[in-house]
Structures are given as structure tokens and as C-alpha cells.
Amino acid sequence: MPDISITQPHSLSQTDARAAAQKVADKLAREYGLTCKWEGDVLRFARSGVEGALTLGERQAALRIKLGFLMSAFASTIETKVAESMRKVFSN
0 MPDISITQPH SLSQTDARAA AQKVADKLAR EYGLTCKWEG DVLRFARSGV EGALTLGERQ
60 AALRIKLGFL MSAFASTIET KVAESMRKVF SN
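Numbering that gives the first Met the number 0 numbers the first residue of the sequence shown as 0 and each following residue consecutively.
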């Protein structure tokens, strides 16, 4: 499975970072039909052919996405869209 890995620095409080992460998750859910669930400071998401996690740190958010064979054809597009979304929501 191809992987997408994006790390986005931030200077948000943990509460604001969690709200920003939820915005990213909501967008991913809408665009790609993902189900999302928080486990502590880790937001896990999945659907057929896609799984990943967004981990909140004190000064960064780290996103890792694993794509199945069919979704791997869209890896570049997915990575570009998600990276842009993360830049927007984690900037202050």
C-alpha cells in the first residue's frame, strides 16, 4: 500500500488543534467517504482501500494515510488536497 505522510507544524492550543484536526477529518469524510474516530489525541479514519491516522502533538500534527491498490492511482491528488487543507486549518 502506498503511504502519504504529512507533518504540519502549528502553534495552537491542544483544544484548538483538536478542532482543526476535526475540520480536516470532516473534509476527508465528505470527499472520500471515510469514517473517523478519536482515540485520545489520535484521529483514526478508514474506508475500503484507505486507512490512516492524524496524530496531534504539542507543536505539530502528523498525518499518515495508507492507500490500497485502486486508491493509489489518486495518491498525488489526495496528498496535495490534504496537505493544503492541513496548512489552512493549522495556521493561526
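Ideal placement from N, C-alpha and C gives every residue a C-beta, glycine not left out.
Remember, predicted model here, so these are calculated numbers, not experimental data.
For residue i, collect the residues of the same chain with a Cβ closer than 6 Å to its Cβ; drop the 5 residues on either side in sequence, then sort them by chain order.
i      : result
Asp-25 : none
Ser-84 : Val-23, Lys-26
Ala-61 : Thr-6, Thr-54
Ala-82 : Ile-5
Keeping to the same chain, check which residues put their C-beta closer than 7 Å to that of residue i; ignore five residues upstream and five downstream.
i      : result
Gln-96 : Residue 96 cannot be examined here, being either before or after the span of the chain that is shown, 0 to 91.
Arg-86 : Gln-7
Gly-39 : none
Starting from the C-beta of residue i, find all residues in its chain whose C-beta is less than 8 Å away, skip the five residues before and the five after it, and write them out in chain order.
i      : result
Leu-69 : Gly-48
Gly-67 : Met-0, Ser-47, Gly-48, Val-49
Ala-28 : Thr-34, Cys-35, Phe-44
How would you write the range of the beta strand (DSSP E) that residue i sits in, first residue to last?
i      : result
Glu-30 : No beta strand (DSSP E) holds Glu-30; the alpha helix (DSSP H) holding it covers 13 to 31.
Ser-4  : 2 to 8
Return the residue from the list the options that minimises the CA-CA distance to residue i.
i       : options                        : result
Ser-31  : Ala-18, Ile-77, Thr-14         : Here residue 31 turns out to be Tyr, not Ser, going by the sequence shown. Looking at the Cα atoms, Ile-77 is the closest of the given residues.
Arg-43  : Arg-63, Ala-16, Ala-72, Glu-57 : Arg-63
Ile-104 : Ala-74, Gly-67, Ser-12         : With the chain covering 0 to 91 only, the question about residue 104 has no answer from this structure.
Gln-13  : Val-41, Gly-67, Ala-28         : Val-41
Arg-17  : Arg-29, Ala-28, Gly-56         : Gly-56
Can you tell me which residues form a DSSP beta bridge with residue i?
i      : result
Leu-53 : Leu-42, Leu-62
Lys-87 : Per DSSP, none; premise fails for Lys-87.
Thr-34 : Ala-45
So, residue i versus residue j, is the Cβ gap smaller than 8 Å?
i      : j      : result
Thr-34 : Ala-45 : yes
Gly-51 : Lys-36 : no
For the alpha helix (DSSP H) that contains residue i, what are its first and last residues?
i      : result
Phe-68 : 68 to 71
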